[in-house]
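Chemist: Before I ask anything, here is the structure I am working with.
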Amino acid sequence: MAEGKEGEVKGEIEIPNLSDENAVEEVDVIVTVESSGKVVSQTMKEMVHREAPIVVRSKLSEYLRCLKEEYSNKGLILPKRQSPTESSPATPPTLGTRISTQRSPSPAATSNKKSGTVNVNTTQIKMTESFMTSIEELYNTLTTQQLVATFTNSSTKLEAKKGGLYSLLDGLISGQYMELEKPHKIVKTWREKSWPDAHYSTVTIELNQEQDCAKLVLLHTNVPEGVAERTKLGWKTHIFERIKSVFGYGARLF
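If you read the sequence shown in the working numbering, its first letter stands for residue -6, the second for the next number, and so on.
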């Protein structure tokens, strides 16, 4: 980054897990930003945290492409990340695990399916997470189709308005927006593809601006008891940590 001139931004970019074991989209890009001379606005810092990881991953992709071409011209073969028996990644069955598994429905769920009703023991999930950005930026990250597709690295469809439908993680998650209060609150129904037919949970996300971060409070109700822990892990791993990694919201703004 630029340095040495008044008003310009300087900082560092760290890629701690760069290796042939990780795909470009899996690489963590940690951006540290500080100002030189005049104080750089919060908006500028947030823009750098948001855009820098995207630019870095793009350059890494270009570098790897050139590297493969060079090896190919020399008659060398680069090792593949997948084993010979693997063809393509399977569609993940649940939010909490990206491994393809099939679970047979319980006798109770099967019986209810035939009768057209759903009777599932449920529980709720409560989580609190801090992001080093503003609530406006975080709200946009959670409700903009292109940004959601970026941090989930999957096919995404969403229409962030009351009554609008959404689909995440290649169709694994689907639901409908019930209430949107920009930039403070999001309420939506939520179901996983493997859940009993017609069973929906409810997700309520509240965003509060703290002095140095955006605080997210999640309440996920009516979650089937059997998948509650896995769903909670999925929120942590596939949503919160991915947002921090991809957009740099896990790094403190200096």
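In this text, a Cβ means the ideal position worked out from N, Cα and C, and glycines have one as well.
For the alpha helix (DSSP H) holding Y132, just list the boundary residues, first then last.
Modeler: Position 139 of the sequence shown, counted from the start, is the residue given in the question as residue 132. That run of the alpha helix (DSSP H) goes 128 to 136.
Chemist: Sort T121, A142, E222 by Cα distance to L212 and report the nearest one.
Modeler: Here residue 212 refers to the residue found at position 219 of the sequence shown. When the alpha-carbon of L212 is set against those of T121, A142, E222, the nearest one is in T121.
Chemist: For T149, does the three-state DSSP call read helix, strand or coil?
Modeler: One-based indexing of the sequence shown puts residue 149 at position 156. T149: coil per DSSP, three-state reduction.
Chemist: Hey, how far is the Cα of L161 from the Cα of T149?
Modeler: As a first step, residue 161 is located in the sequence shown; it is residue number 168 there, counting from the start. As a first step, residue 149 is located in the sequence shown; it is residue number 156 there, counting from the start. Roughly 5 Å between the two C-alpha positions.
Chemist: Just to confirm my understanding: we take G157, look at its own chain, exclude 5 residues before and 5 after, and list those with CB closer than 6 Å. What are they?
Modeler: Your numbering for residue 157 matches position 164 in the sequence shown. Hits under 6 Å: Y170.
Chemist: From the DSSP output, in three-state form, read off Q139 for me.
Modeler: Here residue 139 refers to the residue found at position 146 when the sequence shown is read from its first residue. Residue state, collapsed to three classes: helix.
Chemist: How is W188 classed by DSSP in three states: helix, strand or coil?
Modeler: Within the sequence shown, the letter at position 195 stands for residue 188. Reduced to three states, the DSSP call for W188 is coil.
Chemist: Assuming T116 contacts E199 (C-beta within less than 8 Å), just tell me the rounded distance between them.
Modeler: Residue mapping note: residue 116 aligns to position 123 of the sequence shown, counting from 1. Residue mapping note: residue 199 aligns to position 206 of the sequence shown, counting from 1. Going by Cβ atoms, the distance from T116 to E199 rounds to 20 Å, so no, they are not a contact pair.
Chemist: So, are the CB atoms of T195 and N215 less than 7 Å apart?
Modeler: If you number the sequence shown from 1, residue 195 lands on position 202. If you number the sequence shown from 1, residue 215 lands on position 222. Closer than 7 Å, so yes.
Chemist: In the DSSP assignment, the beta strand (DSSP E) including I166 goes from what residue to what residue?
Modeler: For the purposes of this step, residue 166 is identified with residue 173 of the sequence shown, where counting begins at 1. Here the beta strand (DSSP E) through I166 covers 166 to 174.
Chemist: Consult DSSP for M40 and reduce its assignment to one of helix, strand or coil.
Modeler: Indexing the sequence shown from 1 puts residue 40 at position 47. Here M40 sits in helix by DSSP.
Chemist: Hey, how far is the Cα of L165 from the Cα of A207?
Modeler: Here the question's residue 165 lines up with position 172 in the sequence shown. Here the question's residue 207 lines up with position 214 in the sequence shown. Taking the straight line joining both Cα atoms gives about 28 Å.
Chemist: Taking the continuous beta strand (DSSP E) assigned at I198, which residues delimit it?
Modeler: The sequence position of residue 198 within the sequence shown is 205, counting from 1. I198 -> beta strand (DSSP E) spans 194 to 202.
Chemist: What are the residues that DSSP puts in a beta bridge with S123?
Modeler: Walking along the sequence shown from the start, residue 123 turns up at place 130. According to DSSP, which records beta bridges pairwise, S123 is partnered with K208.
Chemist: Please list the terminal residues of the continuous beta strand (DSSP E) segment that includes L161.
Modeler: As a first step, residue 161 is located in the sequence shown; it is residue number 168 there, counting from the start. Per DSSP, L161 belongs to the beta strand (DSSP E) from 158 to 161.
Chemist: Thinking just about the alpha-carbon of each residue, which of T25, A16, I23, Y132 is nearest to the one in E55?
Modeler: Here the question's residue 55 lines up with position 62 in the sequence shown. Closest by alpha carbon: A16.
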